[in-house]
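Note that the numbering used here numbers the sequence shown so that position 107 is 108, with each residue one more than the last. Here a beta-carbon is modelled for each residue, glycine too, at the ideal position from N, C-alpha and C. Encoded as structure tokens, the structure appears first; notes follow it.
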Amino acid sequence: MQRLPQPALPTFTSVMICNAPVHADYDADGSDWSATTGIGLVPDALVTRGDLQGTAAAVFASLRDQFFAGQETTVEKAVRQSWDGSRTGSSEARTAEIHYTVPGVPSRYDKTSVLVVELQSGGHAFWFSSRPDDTPRATLAVLDASLAGMTAR
Numbered sequence: 002m003q004r005l006p007q008p009a010l011p012t013f014t015s016v017m018i019c020n021a022p023v024h025a026d027y028d029a030d031g032s033d034w035s036a037t038t039g040i041g042l043v044p045d046a047l048v049t050r051g052d053l054q055g056t057a058a059a060v061f062a063s064l065r066d067q068f069f070a071g072q073e074t075t076v077e078k079a080v081r082q083s084w085d086g087s088r089t090g091s092s093e094a095r096t097a098e099i100h101y102t103v104p105g106v107p108s109r110y111d112k113t114s115v116l117v118v119e120l121q122s123g124g125h126a127f128w129f130s131s132r133p134d135d136t137p138r139a140t141l142a143v144l145d146a147s148l149a150g151m152t153a154r
């Protein structure tokens, strides 16, 4: 497992995040372990012009570093996926299991998905979700719906 350092600065400055607690108050500080989804703009520092795969990989790695900072993690079952909500060739999606052991959290991994879309403006947007393996079905349905009706231009 790789221990991820605490990020020095936030990577994403334009993002909207929604959390749904899966394991409330799992530690002495009253922290929640949550399923998370969100959308935002990809900062230029993570964009590799002409390489959507590289940009998606950088966004995935950055989200992993931020969500699991200070935790030992391994990435398993990484796959590239397609998405039909944008014009052909303008999106790149990937999903993987991020495995961890966190005291007080019965979950063993999060299924993490990232979608990066090149916009007609030349900028890039992203959607993501990270859901613990024991997330309730009702929460999973809401996370899935957050992508189902989305389109990008």
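Per-residue burial, residue i [other beta carbons within 10 Å of its own, 16 or more giving buried]
i, result
"Pro137", "exposed"
"Ser114", "buried"
"Ser122", "exposed"
"Pro133", "buried"
"Glu119", "buried"
"Thr75", "exposed"
"Ser108", "buried"
"Thr14", "exposed"
Residue i versus residue j: straight-line alpha-carbon distance, rounded
i, j, result
"Arg65", "Ala58", "10 Å"
"Tyr101", "Thr49", "29 Å"
"Arg95", "Val117", "9 Å"
"Tyr110", "Glu98", "6 Å"
"Ala70", "Ser63", "10 Å"
"Val106", "Gly31", "12 Å"
"Val143", "Asn20", "11 Å"
"Pro22", "Ala36", "6 Å"
"Leu47", "Val60", "7 Å"
"Tyr27", "Val103", "9 Å"
"Asp145", "Ile40", "14 Å"
"Phe129", "Thr38", "5 Å"
"Pro44", "Asp52", "15 Å"
"Ala126", "Leu141", "22 Å"
"Ser131", "Ser147", "12 Å"
"Ala149", "Ala29", "37 Å"
"Ala139", "Gln67", "26 Å"
"Thr56", "Gly124", "12 Å"
Identity of the residues DSSP links to residue i by a beta bridge
i, result
"Asp111", "Ile99, Pro133"
"Thr38", "Cys19, Ser130"
"Arg81", "Arg95"
"Thr75", "His100"
"Val118", "Ser92, Ala126"
Own chain residues within Cβ distance below 8 Å of residue i, not counting five before or after
i, result
"Gln54", "Arg81, Glu93"
Neighbourhood of residue i by C-beta distance below 7 Å, restricted to the same chain and skipping five residues each side
i, result
"Ala25", "Asp33"
"Ile18", "Thr37, Gly39"
"Lys78", "Ala97, Glu98"
"Ser91", "Val118, Glu119"
Neighbourhood of residue i by C-beta distance below 6 Å, restricted to the same chain and skipping five residues each side
i, result
"Val16", "Gly39, Gly41"
"Asp135", "Ser108"
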